[in-house]
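Visitor:
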Amino acid sequence: MFHKILIANRGEIALRIVRACKEMDIETVVVHSTADANGMAVRMADESVCIGPTPSRQSYLNIPAILTAAALTNADAIHPGIGFLSENEEFCRMVEEHGFTFIGPTPDHIAKMGDKAVAKDTMRALGLPLIPGSPGIVKNAEEGLKIAKDCGFPVLIKAVAGGGGKGMKIARSEEELKSAFSMASTEAKAAFGNGDVYIEKYLSHPRHIEIQVIGDTHGNAVHLGERDCSIQRSHQKVIEECPSPALSPEQRNYIGELAAECVRKMEYRGVGTMEFLFEDGKFYFLEMNTRLQVEHPITEMITGIDLVHEQIMVAAGHPLAFKQQDIRFSGHAVECRLNAEHPETFVPSPGKITRYHAPGCPGVRVDSALYDGYTVPPSYDSLVGKLIVHAKTREDALMRMERALSECIIEGIHTNIPLHLRILQEPEFRAGQYNIHWLEKLLNKHKEASKKVAS
Ligand code: ADP
């Protein structure tokens, strides 16, 4: 087992990993930028190393600085967390070349799944159903037009290097295709340094269903059920729940088994998530994330399995401690992402926390690095925490979430808690009847209503 793990991340996820390490009696080093010197993970870790100034490029993305910190502190493994370098093939390769263990998959798996066109090819060959669209990269708008006509408008133009909903544009007609194509490509080039795009049919009412998987280096792989992440704004997840209210037990087994089978065939090691769109009873493969996922706690709640613990165990070469038939799903879990942003305008709201009180009692979990007097820096992601609840039934879990949200006090900055409370009151959400476009439609309806009141 590892003696010391360096955590190359920040915020709540760095803290989540520190906590798992403490329970495994593994020492921790948290690296940080100057802006994060007072971060909770830095305070809780055994050691910390400042690796650069505020901009991520000079700190959290600074590979030589991270490797130097690992060497200086005698760490034997590096956990990349989520975002930053977690899906960076070069980083993974360099970590291993310098004699550390990368807590994640191999560089080849990262490379294969990081290029979405290659990922789709791989998954097609393994038998996963895909969204109709281009077989690979689309070179220009003319080629795009041919493909769009074949699969029918509207279509979605997507970046092969995409992530976080960036480099994604809808084209509803021939006229729109040309400008959407160049906008997607330009945005992708700016965000990822790679302007290559591909095209998919734009589904009108799908749900986002993803399967948690884990594989070890001994040829074992299992799935840990699905998460429904259809409550989204700007292609970004806002609320996640499991099990999905939309799946039958047969559909759940079918897609779970298929995902686990793919992981086995790929000889994938570590945790991963296979994302699908689900429409009219059919699954379509979207992408595979080769890392821990923000919403992993809801899976932990219904399976009782600590995913970070297992991730570290398989990285250390241990076989999985459970087989598929050992995994039991119990009750219902929901996660609300807590963002430092205005609940109506969504403008980021960094600043000093003047009062903080976290909710509690059975079935309530708060994954957050916030504390009284902490200053949320303006330079990073607006996610400042996650509120997770677990209960016997979906209705009980939603009641519990409402109670926990209304108990949660975060003063000094704006958060999206009021938005979560509004969503929870919607009868359609309560009934589990929503798809990936539902929240945007609800927000538009509210906007129209407040415009009318104003005039
Ligand atoms: P990213 O890697 O940028 O997050 P994904 O491919 O995972 O991109 O898609 C993110 C979200 O965008 C999905 O959860 C879904 O809401 C929406 N989306 C992606 N592809 C389609 C599609 N073909 N039709 C409709 N919505 C889509």
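Start counting the sequence shown at 3; every next residue gets the next number (the numbering used here). Think of the CB as a built atom: it goes at the ideal place given N, C-alpha and C, for glycine as much as any other residue.
#1: What is the rounded straight-line gap between the Cα of G235 and the Cα of V296?
#2: I want to know whether the region 366-377 touches the region 423-432 - three or more CB-CB distances under 8 Å.
#3: Assign I172 to one of two classes, buried (16 or more other C-beta atoms within 10 Å of its C-beta) or exposed (fewer than that).
#4: By how many angstroms is the C-alpha of A190 removed from the C-alpha of G164?
#5: Looking only at its chain, what residues have a beta carbon closer than 8 Å to the beta carbon of M290, apart from the 5 residues adjacent to it on each side?
#6: Let me confirm a value: H210 is counted as buried when at least 16 other C-beta atoms fall within 10 Å, else exposed. Which label applies?
#7: Does DSSP put Y200 in a helix, in a strand, or in coil?
#8: Please report the straight-line C-alpha distance between A119 and Y200, rounded to a whole angstrom.
#9: Straight-line CA distance for A47 to V31?
#10: Taking C-beta to C-beta, are I300 and E243 nearer than 8 Å?
#11: Please state whether the Cβ-Cβ distance between K284 and P131 is less than 8 Å.
#12: Quick check: what's the CA-CA separation for L8 versus R424?
#13: Could you tell me the distance, in whole angstroms, from the CA atom of A22 to the CA atom of V310?
#14: Can you give the Cα-Cα distance for C410 and K388, rounded to whole angstroms?
#15: For P131, is the beta carbon positioned less than 7 Å from some heavy atom of ligand 1?
#16: Would you give the residue range spanned by the alpha helix (DSSP H) that K114 belongs to?
#17: In chain order, what residues of the same chain have a beta carbon less than 7 Å from the beta carbon of D78, not counting five sequence neighbours either side?
#18: DSSP state of V31, grouped into three classes?
#19: Could you give the DSSP three-state label for Q295: helix, strand or coil?
#20: Between A335 and I390, is the Cβ-Cβ spacing less than 8 Å?
#21: Work out the CA separation of I213 and A261 for me, nearest whole Å.
#22: Less than 8 Å separating the beta-carbons of P350 and S384?
#23: So, for P247: in the same chain, excluding its five sequence neighbours on each side, which residues have a beta-carbon less than 6 Å away from its beta-carbon?
#24: Here's the rule: buried if 16 or more other CB atoms are within 10 angstroms of the residue's CB, otherwise exposed. What is K160?
#25: For a test of the three-state rule: what should DSSP assign to K284, helix, strand or coil?
Guide: On the basis of the supplied data:
#1: One point to set straight first is that residue 235 is Arg, not Gly, in the sequence displayed. Distance between the alpha carbons of R235 and V296 is about 16 Å.
#2: no
#3: exposed
#4: 7 Å
#5: M115, A121, M125, G274, T275, M276, E277
#6: buried
#7: strand
#8: For the pair A119 and Y200, the Cα-to-Cα distance works out to about 7 Å.
#9: 6 Å
#10: yes
#11: yes
#12: Near 40 Å, if we compare the C-alpha coordinates of R424 and L8.
#13: CA-to-CA, the gap between A22 and V310 works out to about 6 Å.
#14: 11 Å
#15: no
#16: From DSSP, the alpha helix (DSSP H) with K114 extends over 109-116.
#17: F4, H5, K6, F102, T103
#18: strand
#19: coil
#20: yes
#21: 7 Å
#22: yes
#23: G434
#24: Buried is the call here.
#25: strand
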